[in-house]
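J.: To convert, count from 1 in the sequence shown and add 504; that's the numbering used here.
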Amino acid sequence: MSNKSFDECASFLIDNGVFVGRICRLENVLKTIIEKHGYMKNVSAALSETTALAVLLANALKFEGLFTLQLQGNGPVSTIVVDVTSDGKLRACANYDKERLEKAFALRKNEGEIEATPHLLGEGTLAFTIDDGKNNYHQGVVDLQGKTLEECALRYFKQSEQIETMLKLYIDIPTTDEGAWKAGGIILQKIPELGGKQIDVSEIPELRNEAEILMNSLTKEELFDEKLSLQEILHRLYHGNNLMLTKDNHYEFKCRCSREKLLKTLRSFSEDELASMLDENSKITAKCGFCSEIYEFTIPEIKEKLN
């Protein structure tokens, strides 16, 4: 019997609280995002992988607000942005130059192959931003250096947070146009100060090696097996490591754009600036980069209630 616990992230502790972890897998949210944009296959793969990483990171935070993961580079894919709210609302988008991508594939004669996410972005940055909803922001930025997105994220934790971290990301690419995109991952981090029962510090390196070996034994087929819940997967991996499940978070696509927000933005422009935005129908058209919703405004509507 299938339990198909997708669009979920489960948190856990192992080895008497020495290591904290999260495991996630996504499907429906990716389906919604990709269908709204019709991205090229390589872009969809990069976006899916980045979204899984964002969920793993956001799930570790104890806050009510917004977590944003942004990749920015000088490559054919210029930006990938993923927003995750504390109540499980998620949105994501990518900006890319289709012509540059196609030329790159033709030059390298690798059309149809899925390239690593950093390769598509080129030189750039990886940034984590936390907004607690009270005008308090925290941001961490690191150069986008690494052959894989995993390597880039691990470099951030080593340099910026100095938290010992182990990470694996997975994507399942559909073989047909009707197939489902899936992405997921697992992350383990050593808690700086031991929680729970005390443990001999000399045992930690061996425990870390064992935890990483078990993490690396997780296959893509196992993670995306609809017959296995995330909790069952964790039990398979860490039942001998004093596994403790702590919480489950569920995710769904939800865009925060609105007509009111766009009106507020447009009202900050001068009359000359607004006039330059008018189309042949004397309307200003705006398209949300996250959900592709199209909004139309007239100058009188924008000026309304200003006085």
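Ideal Cβ positions, reconstructed from N, Cα and C, are used throughout, including at glycine. All values derive from a computational prediction rather than experimental measurement.
1) Identify whether L671 lies in helix, strand or coil by the three-state DSSP scheme.
2) Rounding to the nearest angstrom, what Cα-Cα distance links K731 and K751 in this structure?
3) When DSSP labels each residue in this structure, what does F728 get in the three-state scheme?
4) Please name the residue in F757, R771, K724, L718 whose C-alpha comes closest to that of N745.
5) What's the C-alpha gap between L767 and E784?
6) Pull up the CB-CB distance for E736 and L653, whole angstroms please, since I reckon it's below 8 Å.
7) Which runs of the alpha helix (DSSP H) fall wholly inside the stretch 539 to 580 and span at least 4 residues, in chain order?
8) Would you grab the beta carbon distance between I690 and I527 for me? Rounded to a whole angstrom, and I think it's under 8 Å.
9) Short check: CB of L575 to CB of I584, under 7 Å?
10) With A715 and F516 assumed to form a contact (beta carbons below 8 Å), what rounded beta-carbon distance in angstroms separates them?
11) Hey, out of I695, S780, N639, A687, whose CA is closest to F476's CA?
12) Ignore the nearest five residues each way along the sequence and tell me which others in E619's own chain have a CB closer than 7 Å to its CB.
13) If we count the other Cβ atoms within 10 Å of its Cβ and call it buried at 16 or more, is L611 buried or exposed?
14) Mapping DSSP to helix, strand and coil, what is L658?
15) Grouping DSSP H, G and I as helix and E and B as strand, with all else coil, what is A715?
16) In chain order, what residues of the same chain lie with their CB nearer than 7 Å to the CB of G577, ignoring the 5 residues before and after it?
17) List in chain order: all unbroken alpha helix (DSSP H) runs of 4+ residues lying wholly within the stretch 732 to 781.
T.: On the basis of the data shown:
1) In the structure shown, L671 sits in a strand (DSSP, three-state: E or B).
2) Roughly 20 Å between the two C-alpha positions.
3) Note: F728 maps to coil in three-state DSSP.
4) Each of F757, R771, K724, L718 was checked against the Cα of N745, and the nearest Cα belongs to L718.
5) About 20 Å.
6) Rounded to the nearest angstrom, the Cβ distance from E736 to L653 is 26 Å, too far for a contact under 8 Å.
7) Assignment of alpha helix (DSSP H) within the stretch 539 to 580, counting only whole runs of 4 or more residues, yields 545 to 562 in chain order.
8) By a beta-carbon distance limit of 8 Å, I690 contacts I527. Their separation comes to about 4 Å.
9) Taking the C-beta atoms as reference points, I584 is found nearer than 7 Å to L575.
10) The Cβ separation is near 11 Å, so there is no contact.
11) Within the shown structure, residues of the chain are numbered from 505 to 811, placing residue 476 beyond reach of any answer.
12) Closer than 7 Å at the Cβ level, and outside the excluded window around E619, lie N546.
13) If you draw a 10 Å sphere on the C-beta of L611, you find fewer than 16 other C-beta atoms in it, and that means exposed.
14) Correct three-state label for L658: helix.
15) Helix, per DSSP.
16) So the qualifying residues of the chain are L625, G626, E627, G628, L648.
17) Listed in chain order, they are 734 to 742, 763 to 770, 775 to 781.
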